[in-house]
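So the sequence lines, in the order shown, correspond to chains W and B.
For what it's worth, the working numbering labels the leading residue of the first sequence as 4, then goes sequentially.
For what it's worth, the working numbering labels the leading residue of the second sequence as 4, then goes sequentially.
Take a look at the structure set out below.
There are 2 protein chains.
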Amino acid sequence: MEKITSLAKRRGFIFPDSEIYGGLANSWDFGPLGAELKRNIKNRWWKKFVHERPDIVGLDAAVIMASEVWRRSGHLKNFTDPLIECKKCHERFRADNISPIAIKKSACPLCGGALTTARQFNLMFKTHSGPVEDTSTEVYLRPETAQAMFVNFEQVVSASRRKLPFGIAQTGKAFRNEITPGNFIFRTREFEQMEIEYFVRPEEWKKYFDHWLEEMKKWAADLGVRANKIKYREIPKKERAHYSERTVDIEYSWPFGQKELYGLAYRGDYDLKNHGQIYHDLETDQKLTPHVVEPSWGVERSMLVAMLEAYDEEQAPTAETDETDKRVVLRFPHWLAPYKIAVLPLLRKPDLIKTAQQIYDQLRLDYICEYDETQSIGRRYRRQDEIGTPFCVTVDFDSLEDKKVTVRDRDTMKQERVAIKKLPALLTNKLKSVNV
Amino acid sequence: MEKITSLAKRRGFIFPDSEIYGGLANSWDFGPLGAELKRNIKNRWWKKFVHERPDIVGLDAAVIMASEVWRRSGHLKNFTDPLIECKKCHERFRADNISPIAIKKSACPLCGGALTTARQFNLMFKTHSGPVEDTSTEVYLRPETAQAMFVNFEQVVSASRRKLPFGIAQTGKAFRNEITPGNFIFRTREFEQMEIEYFVRPEEWKKYFDHWLEEMKKWAADLGVRANKIKYREIPKKERAHYSERTVDIEYSWPFGQKELYGLAYRGDYDLKNHGQIYHDLETDQKLTPHVVEPSWGVERSMLVAMLEAYDEEQAPTAETDETDKRVVLRFPHWLAPYKIAVLPLLRKPDLIKTAQQIYDQLRLDYICEYDETQSIGRRYRRQDEIGTPFCVTVDFDSLEDKKVTVRDRDTMKQERVAIKKLPALLTNKLKSVNV
């Protein structure tokens, strides 16, 4: 884990938010490579689940929603964590994170001081819309993207003329004022969700629950997650969210323990009923409240799991000598890699630079590429390995004569000589299915 | 304008936020088509300005940033509007929106009541991070994406080894507690920006200011905006933001007047100095504070201007009779259209449906498509015209024999007969450069 966080900062994947001012706890900014990684994840998800499927449409709703939405949804009352404070050191804990013995003795796990009794703390961020700060202007940052899909249900059905079963998909920020966030980007106060609310006839929910479990399994594999690192945990009633009648957590063996990666919840008709939303089947003239199956993915967790799974270290031969040294490589699936291709002149000579720049200028119109001419070629290969770039294209002195370049594969380190003219077609073929 | 707002709601581009609970003033949700339109705009912008350019990298920073960022940036002190309230009807106004005579007479423009004197009202949304609401936990939703590019400047330079001039690009939500938002999605409290901070040597700012003005002009043209609807307004000193030494507003003739579409600001070294960020040129060992040229685009305004420019009405022949009726068509550039292709069986007959579905199943892997079998073919053509779908593919009884379909062009309404086998290649060719 330390290796990932250090690499993430050094190479521009993830920076602590507001760091020059001491940072904002558990808040992160995504640097140039992190921004690309996030985009790749969100774009592939959207293509796979919205564009390629005939039964799902997208939505992009506001972060700030009226209080009434959260009153009806139950979040104002139920979206809370039990908060305990130490009267001596003023550290705050989630009651369910402290051992029952400490609570019984009322002893702070840090300083031994007396603890307050637990109070329910609402996890929604509150702010005021308009120039006056009173209860009439109170609004909340959404703690989940889901509610927008419920309150807009009838509008979406009517505008897009959907028949059951169908889904509404959304990606976007959600905010939770967590008492104890942590573990790098695993649990943060601000995060991005990818959610689908899949509306089905009540009697069919089990079938679609299974369908979505299967889809989530495939998604994880697509991201490069090995099947043996995943566990499916049936969540018992007392641990389930207030709206859920069945939930399966897709758990991953994180370096800090086996915890939730994604979640699949059967929400029944709880939400549509709360918001008085009804489905009218025009063909049978039947009115009903559909039931909801909700697969939910986190963008940051997808990113973290992909980096953990892709991370590899090995002893490998250096480019210049017969010796070996440590090679760090992020073995991302090609579609996920922030840069697809790096173009490198072997040395910093005008002729080599000119040819390399021409190749870079062309490839960059189709793929996100990097151009790099600093330091030795060996150092540059290692640098690209470390950020997961699938292919390096090297221009050497022979290139000026034979109009060929060397294409190096990130995973095998094998090099092949390719005519410059054939380069775009070759790379397109190698990177196939990358444009998502 | 009323035609656009009505079409936007009816066809699922834009819904009022939280509408079932009376709506949240000036807050909007983007329905299935609006979500696609927004994605198309953001994705093309990112491809054009980040992927295709060698000198710009992306960033994706948190919405909630530490208070200190906003103290140093000047926003806590200066990002205010003068607010005046009527003591009688309690309506609130921006002082600069009321006529000087009304202010002098202290008479409310609505009820004639007495007005308060103006007080400075800060436009940032405040919330609290952590379980206690006091000044130590105060944080703000960013009112612009820009500051994150400044506070992360040195980190980005060091991680991505950039040389001047270079830019950092970001798209994302910003929040402003505007006193008088309005005009549909023109001014909203929550909106999405696409911004570039372009860092240059101090003596070169004018050159790059001109460069970016040119790029913004091209972008507007690309979006379908006619040049004669655009004005470039040099903003006088007293109207400029507190940080800007030169600003040009790119104004559009909206139905509600000529107002800002995009903005280009020269921010000098104001921001990097505020945050103590320095650029170290390793080759010359020179240290300096770069100057900043900032082109800034709004996603929602891009969307609105694109819809206004694309909207057209004409008398056109109906599909079934010799008569004409009114045809509403959104003449979006192909890259912008929410759906690229609609697949339509001529009638609701099993054979036609089967063939149409097969075509739809194939095309949908490459393009976002719609399948529609309800109502007459004429109605369905009009429906696709109204949402700007460039091509309709119709399967009729002849198709079952000759294995050909009819491809109808949105703009010309011309139809051509195409072999099903050749359909993907033909459409790819017609929609060329659409995949952005």
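Here a beta-carbon is modelled for each residue, glycine too, at the ideal position from N, C-alpha and C.
This one's a predicted model, so the numbers in the text were calculated from it and none came from an experiment.
Nonlocal neighbours in the same chain, by C-beta distance under 7 angstroms from W/TYR246, ignoring five residues either side: The residue you call residue 246 of chain W lines up with position 243 of the first sequence. Cβ-Cβ distances below 7 angstroms link W/TYR246 to GLY77, ARG270, TYR273 and ASP274 in the same chain, with the five nearest sequence neighbours on each side left out; the list follows chain order.
Should the segment 387–404 of chain B be regarded as contacting the segment 355–372 of chain B, the criterion being three or more beta carbon pairs within less than 8 angstroms? Contact holds: three or more Cβ-Cβ distances are below 8 angstroms.
Using 8 angstroms as the limit for Cβ to Cβ distance, is B/MET68 near chain W? Reading the second sequence from its first residue, position 65 is the one you call residue 68 of chain B. Chain W has a Cβ within less than 8 angstroms of the Cβ of B/MET68.
Are W/TYR384 and W/ILE344 touching if we call contact CB-CB under 8 angstroms? Taking the first residue of the first sequence as position 1, residue 384 of chain W is located at position 381. Taking the first residue of the first sequence as position 1, residue 344 of chain W is located at position 341. Contact flag unset, no.
Would you check if the distance between the CB atom of W/ASP375 and the CB atom of W/LEU347 is smaller than 8 angstroms? Working through the first sequence from its first residue, we reach residue 375 of chain W at position 372. Working through the first sequence from its first residue, we reach residue 347 of chain W at position 344. Contact check for W/ASP375 against W/LEU347 passes: the beta carbons are separated by less than 8 angstroms.
What is the rounded straight-line gap between the Cα of W/LEU118 and the Cα of W/CYS111? Within the first sequence, the letter at position 115 stands for residue 118 of chain W. Within the first sequence, the letter at position 108 stands for residue 111 of chain W. In a straight line, the C-alpha of W/LEU118 is about 6 angstroms away from that of W/CYS111.
Can you look up W/LYS417 in the DSSP assignment and give me helix, strand or coil? Along the first sequence, read from residue 1 onward, the residue named residue 417 of chain W stands at position 414. Shown here, W/LYS417 sits in coil according to DSSP, grouped into three states, outside any helix or strand.
Using a beta-carbon distance below 8 angstroms, is B/ASP14 in contact with chain W? The residue given as residue 14 of chain B occupies position 11 in the second sequence. According to the sequence provided, residue 14 of chain B is Arg. The question's Asp does not apply to it. Taking Cβ atoms only, chain W reaches closer than 8 angstroms to B/ARG14, which makes this a yes.
Any C-beta of chain W under 8 angstroms from that of B/LYS422: One-based indexing of the second sequence puts residue 422 of chain B at position 419. Looking at the sequence provided, one finds Ala at residue 422 of chain B rather than Lys. Not a single C-beta of chain W is nearer than 8 angstroms to the C-beta of B/ALA422.
Please state whether the Cβ-Cβ distance between B/ARG192 and W/SER132 is less than 8 angstroms. Your numbering for residue 192 of chain B matches position 189 in the second sequence. Your numbering for residue 132 of chain W matches position 129 in the first sequence. Yes.
Under 8 angstroms from the C-beta of W/GLU3: neighbouring residues of chain B: Since the first residue shown for chain W is 4 and the last is 439, residue 3 of chain W is missing from the structure and cannot be characterised.
Close-in-space but distant-in-sequence residues of the same chain around B/GLU317 (CB under 8 angstroms, 5 per side omitted): Position 314 of the second sequence, counting from 1, holds the residue named residue 317 of chain B. Shown here for B/GLU317: same chain residues with a beta carbon closer than 8 angstroms to its own, the five before and five after excluded, namely LYS329, ARG330 and VAL332 in chain order.
Measuring only the C-alpha atoms, how far is B/ALA295 from W/ILE23? Stepping through the second sequence from its first residue, residue 295 of chain B is reached at position 292. Stepping through the first sequence from its first residue, residue 23 of chain W is reached at position 20. Looking at the sequence provided, one finds Val at residue 295 of chain B rather than Ala. So the alpha carbons of these two residues sit roughly 20 angstroms apart.
Pick from B/MET416, B/LEU144, B/VAL398 and B/LYS417: whose alpha carbon is nearest that of B/LEU426? Sequence index remark: in the second sequence, residue 426 of chain B carries index 423 (1-based). Comparing Cα positions, the closest option is B/VAL398.
Sub-8 angstroms separation of B/LEU264 and B/TRP215 beta-carbons: In the second sequence, counting from the first residue as 1, residue 264 of chain B sits at position 261. In the second sequence, counting from the first residue as 1, residue 215 of chain B sits at position 212. Cβ distance not < 8 angstroms, so B/LEU264 and B/TRP215 don't count as in contact.
Mind checking which residues open and close the beta strand (DSSP E) that includes B/PRO134? Here residue 134 of chain B is taken as the residue at index 131 of the second sequence, counted from 1. First-last for B/PRO134: undefined, no H or E at that position.
Going by beta-carbon coordinates alone, are W/LYS220 and W/GLN261 separated by less than 8 angstroms? The residue given as residue 220 of chain W occupies position 217 in the first sequence. The residue given as residue 261 of chain W occupies position 258 in the first sequence. Cβ distance not < 8 angstroms, so W/LYS220 and W/GLN261 don't count as in contact.
So, are the CB atoms of B/TYR282 and B/VAL160 less than 8 angstroms apart? For the purposes of this step, residue 282 of chain B is identified with residue 279 of the second sequence, where counting begins at 1. For the purposes of this step, residue 160 of chain B is identified with residue 157 of the second sequence, where counting begins at 1. Cβ atoms of B/TYR282 and B/VAL160: closer than 8 angstroms.
Assigned secondary structure, B/MET68 (DSSP; H/G/I helix, E/B strand, else coil): As a first step, residue 68 of chain B must be located in the second sequence, where it is residue number 65. Looking at B/MET68 - three-state DSSP - the assignment turns out to be strand.
Can you list the residues of chain B that W/TYR374 reaches, using a CB-CB cut of under 9 angstroms? Here residue 374 of chain W refers to the residue found at position 371 of the first sequence. Residues of chain B passing the Cβ test: PRO57.
Mind checking whether B/ASN180 and B/PHE128 have CB atoms under 8 angstroms apart? Position 177 of the second sequence, counting from 1, holds the residue named residue 180 of chain B. Position 125 of the second sequence, counting from 1, holds the residue named residue 128 of chain B. Yes. Within cutoff.
Could you give the distance in angstroms between the alpha-carbon of B/GLN289 and the alpha-carbon of B/GLU157? Here the question's residue 289 of chain B lines up with position 286 in the second sequence. Here the question's residue 157 of chain B lines up with position 154 in the second sequence. One C-alpha to the other measures close to 15 angstroms.
Residue from B/GLU389, B/LYS406, B/HIS337 and B/LEU355 whose Cα sits closest to the Cα of B/LYS435: As a working mapping, residue 435 of chain B is identified with position 432 in the second sequence. Of the candidates B/GLU389, B/LYS406, B/HIS337 and B/LEU355, the one whose C-alpha sits nearest the C-alpha of B/LYS435 is B/HIS337.
Which of the three DSSP states is assigned to W/PHE156 in this structure? Position 153 of the first sequence, counted from the first residue, corresponds to residue 156 of chain W. In this structure, W/PHE156 counts as helix in the three-state DSSP scheme.
Whole angstroms is fine: what's the gap from B/VAL439's alpha carbon to B/TYR314's? Residue mapping note: residue 439 of chain B aligns to position 436 of the second sequence, counting from 1. Residue mapping note: residue 314 of chain B aligns to position 311 of the second sequence, counting from 1. Its pLDDT being 45, under 50, B/VAL439 is placed unreliably in this model, and the coordinates cannot settle the point.
Does W/SER109 get closer than 8 angstroms to chain B when you measure Cβ to Cβ? Here residue 109 of chain W refers to the residue found at position 106 when the first sequence is read from its first residue. Residue contact with chain B for W/SER109: absent (no Cβ-Cβ distance below 8 angstroms to any residue of chain B).
Taking only beta-carbon positions, decide if W/ILE23 is within less than 8 angstroms of chain B. In the first sequence, the residue the question calls residue 23 of chain W occupies position 20. True, the Cβ-Cβ gap to chain B drops below 8 angstroms.
Hey, quick one: how far does the beta strand (DSSP E) through W/ASP328 stretch, first residue to last? Here residue 328 of chain W is taken as the residue at index 325 of the first sequence, counted from 1. Counting along the chain, the beta strand (DSSP E) containing W/ASP328 begins and ends at 327–333.
Looking only at its chain, what residues have a beta carbon closer than 7 angstroms to the beta carbon of W/PRO19, apart from the 5 residues adjacent to it on each side? As a position in the first sequence, residue 19 of chain W is number 16, starting the count at 1. Excluding positions up to five away in sequence, the list reads GLY26 and TRP31.
Hey, could you find the ends of the beta strand (DSSP E) B/PRO348 is sitting in? Within the second sequence, numbered from 1, the residue matching residue 348 of chain B stands at position 345. Secondary structure note for B/PRO348: its beta strand (DSSP E) is the uninterrupted segment 344–348.
Pair every Cβ in the segment 71–88 of chain W with every Cβ in the segment 193–201 of chain W, then say whether three or more of these pairs are closer than 8 angstroms. No: fewer than three Cβ pairs fall under 8 angstroms.
Pair within 8 angstroms by beta-carbon distance, W/SER256 and W/VAL142: Residue mapping note: residue 256 of chain W aligns to position 253 of the first sequence, counting from 1. Residue mapping note: residue 142 of chain W aligns to position 139 of the first sequence, counting from 1. The Cβ atoms of W/SER256 and W/VAL142 do not sit closer than 8 angstroms to each other.
Please tell me whether B/LYS407 and B/ILE423 are closer than 8 angstroms, where the distance is taken between their beta carbons. If you number the second sequence from 1, residue 407 of chain B lands on position 404. If you number the second sequence from 1, residue 423 of chain B lands on position 420. Taking 8 angstroms as the cut-off, the beta carbon of B/LYS407 is found closer than this to the beta carbon of B/ILE423.
Can you tell me which of W/GLU248, W/ASN29, W/THR183 and W/GLY301 puts its alpha carbon nearest to the alpha carbon of W/ARG42? Reading the first sequence from its first residue, position 39 is the one you call residue 42 of chain W. When W/GLU248, W/ASN29, W/THR183 and W/GLY301 are compared, the shortest CA-CA separation from W/ARG42 is found for W/GLY301.
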